[in-house]
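K.L.:
What follows is a single structure, and I will ask about it in a moment.
Number of protein chains: 2
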Amino acid sequence: MVATEAPGLSLTEALVRLAHLVQQVYGDVSREHDLTPQQAQLLCLLVDGPIGMSGLTRALHLEKSSLTGLVDRAEKRGLVARVRDARDRRACLIELTGAGAEIATRAHDGVAARLETLAAGLPARQRELLTGVVGAILAEDAARTGRTWSRPEPEGPVAAGVNGR
Amino acid sequence: MVATEAPGLSLTEALVRLAHLVQQVYGDVSREHDLTPQQAQLLCLLVDGPIGMSGLTRALHLEKSSLTGLVDRAEKRGLVARVRDARDRRACLIELTGAGAEIATRAHDGVAARLETLAAGLPARQRELLTGVVGAILAEDAARTGRTWSRPEPEGPVAAGVNGR
DNA sequence: TATTGTTATACTCTATAACTATA
DNA sequence: TATAGTTATAGAGTATAACAATA
């Protein structure tokens, strides 16, 4: 695999098809772990620590009521837990349970492994270039829309000892 | 925008975030045209001509019963029509209505325009390289799984005069 | 008043299983 | 028997609107 010519493939077509492929990988891996793609996305977002509902709505681009349902179902399945936010009694933080963390890690690794496999044939220089170009596109979008595709920044001093329970 | 360094972004992370971005664009554009993303995807697949239900299940990676519902709703909204396949009386072909074709074109162009905007800052060489690399990844997936991301090939002689109705 | 989150409601999307009709 | 598609059913995902509690 050398990535030479693009046989009649436009840039936008390429991006759309690539997105479908990644989505398919996500769906396949989720299913292997008995998760829906949305649950897998939620879990992967939480691996670095708890996030509040508001932060999650921004990260997932969902209405808050949609998120309530998503978290409800994940909580019912024992994947996540709601913990009260000590600093704001209206708010809560969503954190992974032990089981949730384990599944999240496996799902994340599974997706990474499959994508790595697909990109395995690319020369290192092309891999770097691809990463860089995608980074530039993401940055352009972030500058344009204010969207962030990583974890939302905590908006205040980080909770201390909130996990006490 | 010059696409220089990738600040701590791995290749797989980059691909996942790019996929989310494209999906978001798809969702935004769909909504502008009062479509669900799934309906938009269906419509865009049909712009080059009618496809049978079986071909659509392969192209969309859906169970046939899921597709029945999707087509039902699109048909109820006047976007597509089922036409009998003259060569196989079990089968039917899904085609765009006039209204459906118009919306499909606008949605497709809308997605393309937004993605073009995001990539507008990239030098031509990087654009070409991105397209080529993505093409290679898609080819790798196709070789690995047999998946096809373009229109399904018609499996027999193309219908002649099927639209007669 | 504004923000955080939930509830109520109505659709859409999806899969599994069972079915009909045709090949 | 196998294939093309539908129906029945159940659950998940999503949005809008109205609400409660807290800031």
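Chains as they are written, first to last, in the working numbering: chain A, 788 to 952; chain B, 788 to 952.
C-beta atoms are modelled at their ideal positions from N, C-alpha and C, and glycine is treated no differently.
Every value quoted in this text rests on a predicted model; they were computed, and no experiment measured them.
Pick out whichever of A:I924, A:G795, A:R901 has its Cα sitting closest to the Cα of B:G743.
P.N.:
Here chain B has residues from 788 to 952 only, and residue 743 of chain B is not among them.
K.L.:
To the nearest angstrom, how far is it from the Cα of B:V870 to the Cα of A:L883?
P.N.:
Whole-angstrom Cα-Cα distance: 50 angstroms.
K.L.:
For A:G839, collect the residues of the same chain with a Cβ closer than 8 angstroms to its Cβ; drop the 5 residues on either side in sequence, then sort them by chain order.
P.N.:
Here the set comprises D872, A878, C879, L880, I881.
K.L.:
From A:G887, A:R893, A:G919, A:Q913, pick the residue whose C-alpha is nearest to that of A:K863; which is it?
P.N.:
Ranking A:G887, A:R893, A:G919, A:Q913 by Cα distance to A:K863 puts A:G887 first.
K.L.:
Going straight from the alpha carbon of B:P837 to that of B:A891, what length do you get?
P.N.:
Their backbone Cα atoms lie some 13 angstroms apart in a straight line.
K.L.:
Nearest-angstrom Cα distance between A:G795 and B:T918?
P.N.:
Looking at the two C-alpha atoms, the distance is approximately 10 angstroms.
K.L.:
Return the residue from the list A:V898, A:P910, A:L802 that minimises the CA-CA distance to A:R818.
P.N.:
Cα-wise, what sits closest to A:R818 is A:V898.
K.L.:
Taking A:A846 and A:P939 to be in contact with their CB atoms under 8 angstroms, please state how far apart those CB atoms are, rounded to whole angstroms.
P.N.:
Right, their Cβ atoms sit about 5 angstroms apart.
K.L.:
Which residue's Cα is closest to the Cα of A:H885: A:V867, A:A900, A:L905?
P.N.:
Inspection of the sequence shows that residue 885 of chain A is occupied by Gly rather than by His. When each option's Cα is compared against that of A:G885, the closest is A:V867.
K.L.:
Can you give me the Cβ contacts of B:R901 inside the same chain, cut-off strictly under 8 angstroms, excluding the 5 residues immediately before and after it?
P.N.:
Only V812, D815, V816 meet the Cβ criterion.
K.L.:
Taking only beta carbons into account, state which residues of the segment 794–813 of chain A come closer than 8 angstroms to chain B, listed in chain order.
P.N.:
Flagged, chain order: P794, L796, S797, L798, T799, A801, L802, V803, R804, L805, A806, H807, L808, V809, Q810, Q811, Y813.
K.L.:
In the DSSP assignment, find the beta strand (DSSP E) that holds A:E882 and state where it starts and stops.
P.N.:
Unbroken beta strand (DSSP E) run through A:E882: 879–883.
K.L.:
At which residues does the alpha helix (DSSP H) containing B:R869 begin and terminate?
P.N.:
Premise fails: B:R869 lies in the beta strand (DSSP E), 867–871, not in any alpha helix (DSSP H).
K.L.:
Would a C-beta distance cut-off of 9 angstroms place A:D859 and B:L905 closer than the cut-off?
P.N.:
Their beta carbons are not under 9 angstroms apart, which means A:D859 does not touch B:L905 by this criterion.
K.L.:
Here's a check: name, in chain order, each residue in its chain whose Cβ is nearer than 8 angstroms to the Cβ of B:L832, leaving out the five neighbours to either side.
P.N.:
Excluding residues within five positions, the ones whose Cβ falls inside 8 angstroms are I838, L843, A846, L847, R938.
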